[in-house]
Amino acid sequence: MLRASAVAEKIGIPTVSIIGSAFMKQAAVVCRGLGIPFALAEYPGAPMVDSDAELRAKVETNLLPAIIEGLTAVSGPAMGEALTEPEIGSVVFKGTLDEVQEHFHQNLWSDGLPVIPPTREWVDAFLKFTDRDPRDVIRALPQEGREASILSIAVNGVMAGCRPEYMPLLVAIVEAISDPNFRIEAAGSTPAWEPLVVVSGPIVEELDFNYGQGVLKVGRQANSSIGRFARLYMRNICGYRIPPGTGDKGSIGYTFNVALAEDEEWSRNIGWPTFSEDAGFGPGDNVVTVQSVVTSSPPTYSAGDTAIRHVQQFADVFVRAFSYGSHSGVKRGYWHPLVVIGPSIAKVIAREWTKDDVRRFLWKTMTIPASLMRHFCAQTAAQDMDFAKLVGEGTLPAHYAPSDDPDRPVPIIVKPEHIGILIAGDPGRNQSRGYMSNNAQGARTSRRVALPREWEKLRAQQRGPALAQR
Amino acid sequence: MRSGIHGPRYEVLWPLAKKAVRAQSAAPRLPDLSGKTVGELWDYIFRGEVVYPMIRERLRARFPGIKFIEYHEFGNFHGARSREIVAGLADKMRTRGCDAIISGIGA
Chain P
21 MLRASAVAEK
31 IGIPTVSIIG
41 SAFMKQAAVV
51 CRGLGIPFAL
61 AEYPGAPMVD
71 SDAELRAKVE
81 TNLLPAIIEG
91 LTAVSGPAMG
101 EALTEPEIGS
111 VVFKGTLDEV
121 QEHFHQNLWS
131 DGLPVIPPTR
141 EWVDAFLKFT
151 DRDPRDVIRA
161 LPQEGREASI
171 LSIAVNGVMA
181 GCRPEYMPLL
191 VAIVEAISDP
201 NFRIEAAGST
211 PAWEPLVVVS
221 GPIVEELDFN
231 YGQGVLKVGR
241 QANSSIGRFA
251 RLYMRNICGY
261 RIPPGTGDKG
271 SIGYTFNVAL
281 AEDEEWSRNI
291 GWPTFSEDAG
301 FGPGDNVVTV
311 QSVVTSSPPT
321 YSAGDTAIRH
331 VQQFADVFVR
341 AFSYGSHSGV
351 KRGYWHPLVV
361 IGPSIAKVIA
371 REWTKDDVRR
381 FLWKTMTIPA
391 SLMRHFCAQT
401 AAQDMDFAKL
411 VGEGTLPAHY
421 APSDDPDRPV
431 PIIVKPEHIG
441 ILIAGDPGRN
451 QSRGYMSNNA
461 QGARTSRRVA
471 LPREWEKLRA
481 QQRGPALAQR
Chain F
2 MRSGIHGPRY
12 EVLWPLAKKA
22 VRAQSAAPRL
32 PDLSGKTVGE
42 LWDYIFRGEV
52 VYPMIRERLR
62 ARFPGIKFIE
72 YHEFGNFHGA
82 RSREIVAGLA
92 DKMRTRGCDA
102 IISGIGA
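As they're listed, the protein sequences go chains P and F. Everything in the first sequence is counted per my numbering, starting at 21 for the first residue and increasing by one. Everything in the second sequence is counted per my numbering, starting at 2 for the first residue and increasing by one.
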């Protein structure tokens, strides 16, 4: 919201921004990140649970005086003194392992778990795995406005427990989340979505990712540490910190996601394009995709030797899991579910259906009454969903408002092509799972992984990855 | 890393990065809201449909000649067309003669 206010301030028009009291600390972070001392009018408490009388009293007593003061005060709002920060790449602390952990915890630089101390030697080992200059900056990232530099990627990669040879993937992850399409500026929103990193290509085998049984459980170094890195980077460079930090307003939340690797060989064997091929990449490309995940379906078991038996089960389970949150994406015309299909199930489906057939079936079948979607929307932020208006402005296709019938079915997914499909998991069990994005925030964004010129040589110099028990 | 009497000692690098923020002053405030044009920006959440009309009513009572460009004229800067709407805000504010902006609701 303050980004909209910034437009006015930059052209010389004074603003005052209405902020709920619970968001004031995050607002201060955004003010510093934008470099503008905004005038704020604080609404005490949460407007969504106030009675009409309470709401009116707070507008009268709290907002109006602050609005008038904010627009007319002679001195205008002023920014606090900027803190002096260390030089880039400088040593900020010397101590034992325990002391390093304590220092990082005290400064809110860790995620609450122990970190690997980012010594210069260890950081340099990571930097060998990229041909880019450590000073290269991908973009200054909201909400603190810090530069996403190659050096910062290496430092946080070390801290997260990554191996040096993961560096090309880490760079690609930061490139993906830096893409404006990803909307990282919304990563501190209250639903508390987490980034999910999907890894595709030969690098999955080369770096020993788990793409089989237990694929999304903590336990394999590549999956776990790279998933941790994505969250840690958003904490340290973007400034998304839960209390005692201030930038992350996630209300409840859940833990970070480990990286998800694709079982490409299974895809090829059953004749389906891989997840990265669906995104337009070539068969041999190494690709990282990042998207938001705000919730998942239950583990979804399906049985039978025909496609419809499985895909119908997906629809039955996913529509129940995703109905509530779908309004948030539908009113924006976009959200992007990800369906992780167990290999043995995919094999059955692929005998009859293409991936696009699966997408079309899910899109067509997963509907709820329009009145229910409107109800869910109103509960979230007191906003009614006006389907006719959304159709009229081109956000939604015409079939969302063919009539005024409140119980007409409306799709919970706006378009079939918004559904991502990927094969991973236990080939010996009949389980799949669906993952829900947080509307258009954290939109699915892919980047090709750029390997260093001497990738093979450098990798050979590293000790081999622990042999996995397959 | 150096070894010491209490075990190895580590010299660790700063894990954050340079801020690329160019600080700027807030726009000059107005001496009085009387006769001024106030634009409303709303993200269409948190009961703004109640809050904004009430603000309008109270400010009109206090500042003679104050005018409002209501939020629907700017559109939802938090919705499906947020990029396009934010990109067009400056022009809309200028062409509608906004002297001040009230923006809400959230963070």
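By construction, the Cβ of each residue, glycine as well, lies at the ideal position given by its N, Cα and C atoms.
Anything in the segment 109-124 of chain P with a Cβ closer than 9 Å to a Cβ of chain F? List those residues in chain order, please.
-> Gly109, Ser110, Val111, Val112, Phe113, Lys114, Gly115, Thr116, Leu117, Asp118, Glu119, Val120, His123, Phe124
Residues near Leu227(P) in its chain [Cβ-Cβ closer than 6 Å; skip 5 each side] = In the first sequence, the residue the question calls residue 227(P) occupies position 207. If we look at Leu227(P) and ignore the five residues flanking it on each side, its Cβ neighbours are Ala242.
Contacts of Leu164(P) in chain F (Cβ-Cβ under 7 Å) = Translated into the one-based positions of the first sequence, residue 164(P) becomes position 144. It is worth fixing the name first, because residue 164(P) is Glu in this sequence and not Leu. Lys20, listed in chain order.
What are the boundary residues of the beta strand (DSSP E) that includes Tyr63(P)?
-> As a working mapping, residue 63(P) is identified with position 43 in the first sequence. Looking at the DSSP string, the run of the beta strand (DSSP E) that includes Tyr63(P) is 59-63.
Residues in its own chain within less than 8 Å of Pro417(P) by CB, not counting five upstream and five downstream?
-> Position 397 of the first sequence, counted from the start, is the residue given in the question as residue 417(P). So the list reads Val411, Val434, Lys435, once near-sequence residues are dropped.
With a cut-off of 8 Å, do at least 3 Cβ pairs link the segment 59-67 of chain F to the segment 91-98 of chain F?
-> no
Which of helix, strand or coil DSSP assigns to Lys19(F) | Locating residue 19(F) in the second sequence gives position 18, where the first residue counts as 1. Looking at Lys19(F) - three-state DSSP - the assignment turns out to be coil, as it is neither helix nor strand.
Rounded to whole angstroms, what's the CA-CA distance from Arg479(P) to Glu185(P)? Just pull it up for me.
-> Within the first sequence, the letter at position 459 stands for residue 479(P). Within the first sequence, the letter at position 165 stands for residue 185(P). Using only the alpha carbons, I get a separation of about 6 Å.
Extent of the continuous beta strand (DSSP E) to which Lys114(P) belongs = As a first step, residue 114(P) is located in the first sequence; it is residue number 94 there, counting from the start. Taken as a continuous stretch (DSSP letters only), the beta strand (DSSP E) holding Lys114(P) covers 111-115.
So, does the CB of Met386(P) fall closer than 8 Å to a CB anywhere in chain F?
-> One-based indexing of the first sequence puts residue 386(P) at position 366. No, no contact with chain F.
Determine the chain P residues that contact Ala91(F) at a beta-carbon separation under 7 Å, and present them in chain order.
-> Indexing the second sequence from 1 puts residue 91(F) at position 90. Correct list: Val27, Ile31.
Nonlocal neighbours in the same chain, by C-beta distance under 7 Å from Phe69(F), ignoring five residues either side = As a first step, residue 69(F) is located in the second sequence; it is residue number 68 there, counting from the start. Cβ neighbours of Phe69(F) beyond the five flanking positions: Val39, Glu41, Arg57.
On the three-state DSSP scale, how would you describe Gln126(P)?
-> Along the first sequence, read from residue 1 onward, the residue named residue 126(P) stands at position 106. DSSP places Gln126(P) in helix when its eight states are reduced to three.
Would Lys375(P) be called buried (16 or more neighbouring beta carbons within 10 Å of its own) or exposed?
-> As a first step, residue 375(P) must be located in the first sequence, where it is residue number 355. By the 10 Å Cβ count, Lys375(P) comes out buried.
With 16 other Cβ atoms within 10 Å as the buried cut-off, status of Gln311(P) = The residue labelled residue 311(P) in the question sits at position 291 within the first sequence. Buried, by the Cβ-count rule.
Glu456(P): contacting residues in chain F (beta-carbon distance under 9 Å) = For the purposes of this step, residue 456(P) is taken as the residue at position 436 of the first sequence. Per the sequence shown, residue 456(P) should be read as Met rather than Glu. By Cβ distance, chain F contributes nothing, its closest Cβ being about 18 Å from Met456(P), past 9 Å.
Straight-line Cα distance separating Gln126(P) from Asp118(P) = Here residue 118(P) is taken as the residue at index 98 of the first sequence, counted from 1. Here residue 126(P) is taken as the residue at index 106 of the first sequence, counted from 1. Between Asp118(P) and Gln126(P), the C-alpha separation is close to 12 Å.
Return the residue from the list Pro97(P), Ser391(P), Val112(P) that minimises the CA-CA distance to Asp104(P).
-> For the purposes of this step, residue 104(P) is taken as residue 84 along the first sequence, with counting starting at 1. The question names Asp, but residue 104(P) in the sequence shown is Thr. Looking at the Cα atoms, Val112(P) is the closest of the given residues.
Nearest-angstrom Cβ-Cβ length linking Tyr274(P) and Glu214(P), presumed shorter than 8 Å = As a working mapping, residue 274(P) is identified with position 254 in the first sequence. As a working mapping, residue 214(P) is identified with position 194 in the first sequence. Going by Cβ atoms, the distance from Tyr274(P) to Glu214(P) rounds to 7 Å, so yes, they are a contact pair.
Rounded to the nearest angstrom, how far is the Cβ of Ser316(P) from that of Phe334(P), given a contact under 8 Å?
-> Within the first sequence, the letter at position 296 stands for residue 316(P). Within the first sequence, the letter at position 314 stands for residue 334(P). The pair is not a contact, with the Cβ atoms about 13 Å apart (cut-off 8 Å).
How many whole angstroms separate the CB atoms of Phe146(P) and Ala174(P), which I take to be in contact at a CB cut-off of 8 Å?
-> Taking the first sequence and counting its residues from 1, one reaches residue 146(P) at position 126. Taking the first sequence and counting its residues from 1, one reaches residue 174(P) at position 154. At roughly 4 Å, the Cβ-Cβ gap stays under 8 Å, so Phe146(P) and Ala174(P) are in contact.
Proximal residues of chain P, C-beta to C-beta of Phe47(F) below 9 Å = What you label residue 47(F) is simply residue 46 of the second sequence in a count that begins at 1. Those are Ile38, Gly40, Tyr63, Ala66, Pro67, Met68, Ala401, Ala402, Gln403, listed as they occur along chain P.
Show which residues of chain F have a CB atom less than 8 Å away from the CB atom of Ala493(P).
-> Within the shown structure, residues of chain P are numbered from 21 to 490, placing residue 493(P) beyond reach of any answer.
Please confirm if Ala101(F) has its CB atom under 8 Å from at least one CB of chain P.
-> One-based indexing of the second sequence puts residue 101(F) at position 100. It does: the Cβ of Ala101(F) has a partner Cβ on chain P nearer than 8 Å.
Give a single yes or no on whether Val175(P) has its beta carbon closer than 7 Å to a heavy atom of the ligand HEM.
-> As far as ligands go, the structure on display features none, and thus does not contain the ligand HEM.
In the DSSP assignment, what are the bridge partners of Asn458(P)?
-> To locate residue 458(P), count along the first sequence from 1; it is residue 438. The partner list for Asn458(P) (beta bridge, DSSP) reads Gln461(P).
Using beta-carbon positions only, say whether Gly353(P) and Ala81(F) come within less than 8 Å of one another.
-> Numbered from its first residue, the first sequence carries residue 353(P) at position 333. Numbered from its first residue, the second sequence carries residue 81(F) at position 80. Contact flag set, yes.
Which residues in chain P sit within 7 Å of Phe78(F), going by Cβ to Cβ distance?
-> Translated into positions along the second sequence, residue 78(F) becomes position 77. Within 7 Å Cβ-Cβ: Ala24.
Look at Val157(P) and Arg30(F) and say whether their C-beta atoms are less than 8 Å apart.
-> For this step, residue 157(P) is matched to residue 137 along the first sequence. For this step, residue 30(F) is matched to residue 29 along the second sequence. No, the Cβ-Cβ distance between Val157(P) and Arg30(F) is not below 8 Å.
Considering only residues of the segment 348-380 of chain P, which uninterrupted alpha helix (DSSP H) runs meet the minimum length of 4 residues and lie entirely inside it, listed in chain order?
-> 363-370
Can you round the beta-carbon distance between Ala27(F) and Ala341(P) to whole angstroms, since I take them to be within the 8 Å contact cut?
-> Start at 1 with the first residue of the second sequence, and residue 27(F) comes out as number 26. Start at 1 with the first residue of the first sequence, and residue 341(P) comes out as number 321. Not a contact, Cβ separation roughly 46 Å.
Please confirm if Ala130(F) has its CB atom under 8 Å from at least one CB of chain P.
-> Past the boundaries of the shown model lies residue 130(F); chain F is included only from 2 to 108, so the question cannot be answered.
In chain P, which residues lie less than 9 Å from Pro32(F) when you measure between Cβ atoms?
-> Taking the first residue of the second sequence as position 1, residue 32(F) is located at position 31. The answer, in chain order, is Thr92, Val94.
At least one CB of chain F closer than 8 Å to the CB of Thr35(P): is that the case?
-> Here residue 35(P) refers to the residue found at position 15 when the first sequence is read from its first residue. Yes, Thr35(P) lies at the interface with chain F (some Cβ there is under 8 Å from its Cβ).
8 Å Cβ cut-off: residues of chain F touching Ile262(P) = The residue given as residue 262(P) occupies position 242 in the first sequence. Neighbours of Ile262(P) on chain F: none; closest Cβ ~15 Å, over 8 Å.
Quick one: is Trp129(P) near chain F, going by C-beta distance under 8 Å?
-> Numbered from 1 along the first sequence, position 109 holds the residue referred to as residue 129(P). Trp129(P) counts as touching chain F.
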